[in-house]
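S.K.: In my numbering, the protein residues as written are 33 to 123.
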Ligand SMILES: Nc1nc2c(ncn2[C@@H]2O[C@H](COP(=O)(O)OP(=O)(O)O)[C@@H](O)[C@H]2O)c(=O)[nH]1
Ligand SMILES: [Mg+2]
């Protein structure tokens, strides 16, 4: 998870992914969640989403999902996405 209002937290994602992978079994699924979507200036949103998609692809994540707990946008959806995918990976 990274803070969409602080791009530095997205830049650091590769490092966190490396740490997670060094401490878990091969092939652990990772979903990149952006938090605080509502704090992103509308004019910055497209380039931020493009950049996050690129980081997700480069690091082999399953998906990138921007969310806001303030507005509720993608909150249930992101949890359901992860649950559904964990269930299908394990069946
Ligand atoms: N604007 C906005 N504020 C949020 C959102 N989610 C949490 N906050 C606020 O951000 C602060 C820190 O949230 P928290 O989830 O505890 O920690 P964080 O993971 O470091 O962001 C709290 O005051 C929350 O009320 C959000 O989606 N949008
Ligand atoms: Mg926050």
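We treat Cβ as the ideally placed atom computed from N, Cα and C, and that holds for glycine.
Everything numeric in this text was worked out from a predicted model, so none of it was measured.
#1: Please confirm whether any heavy atom of ligand 1 lies closer than 7 Å to the CB of residue 38.
#2: At a cut-off of 7 Å, is residue 67 close to ligand 2 when judged by its beta-carbon and the heavy atoms of the ligand?
#3: Tell me whether the stretch 99-109 and the stretch 54-69 touch, counting them as touching only if at least three CB pairs, one residue from each stretch, are closer than 8 Å.
#4: Could you tell me the alpha carbon to alpha carbon distance between residue 103 and residue 71, rounded to whole angstroms?
#5: Exposed or buried, what is residue 46 when buried is set at 16 or more other beta-carbons lying within 10 Å of its beta-carbon?
#6: For residue 110, count neighbouring C-beta atoms within 10 Å of its own C-beta (all shown protein chains included) and say buried if the count is 16 or more, exposed if not.
#7: Going by the C-beta, is residue 70 closer than 7 Å to any heavy atom of ligand 2?
M.R.: So, to answer that:
#1: As a first step, residue 38 is located in the chain shown; it is residue number 6 there, counting from the start. Because no heavy atom of ligand 1 lies under 7 Å away, the Cβ of residue 38 does not count as near it: no.
#2: The count along the chain shown starts at 1 and reaches residue 67 at position 35. Flag set: Cβ of residue 67 near ligand 2.
#3: yes
#4: On the chain shown, position 71 is the one that residue 103 refers to. On the chain shown, position 39 is the one that residue 71 refers to. The alpha-carbon atoms of residue 103 and residue 71 are separated by roughly 11 Å.
#5: Looking up residue 46 in the chain shown gives position 14. So residue 46 ends up on the exposed side.
#6: As a first step, residue 110 is located in the chain shown; it is residue number 78 there, counting from the start. With 16 or more other Cβ atoms within 10 Å, it is buried.
#7: The residue labelled residue 70 in the question sits at position 38 within the chain shown. Checking every heavy atom of ligand 2 against the Cβ of residue 70, none is found closer than 7 Å.
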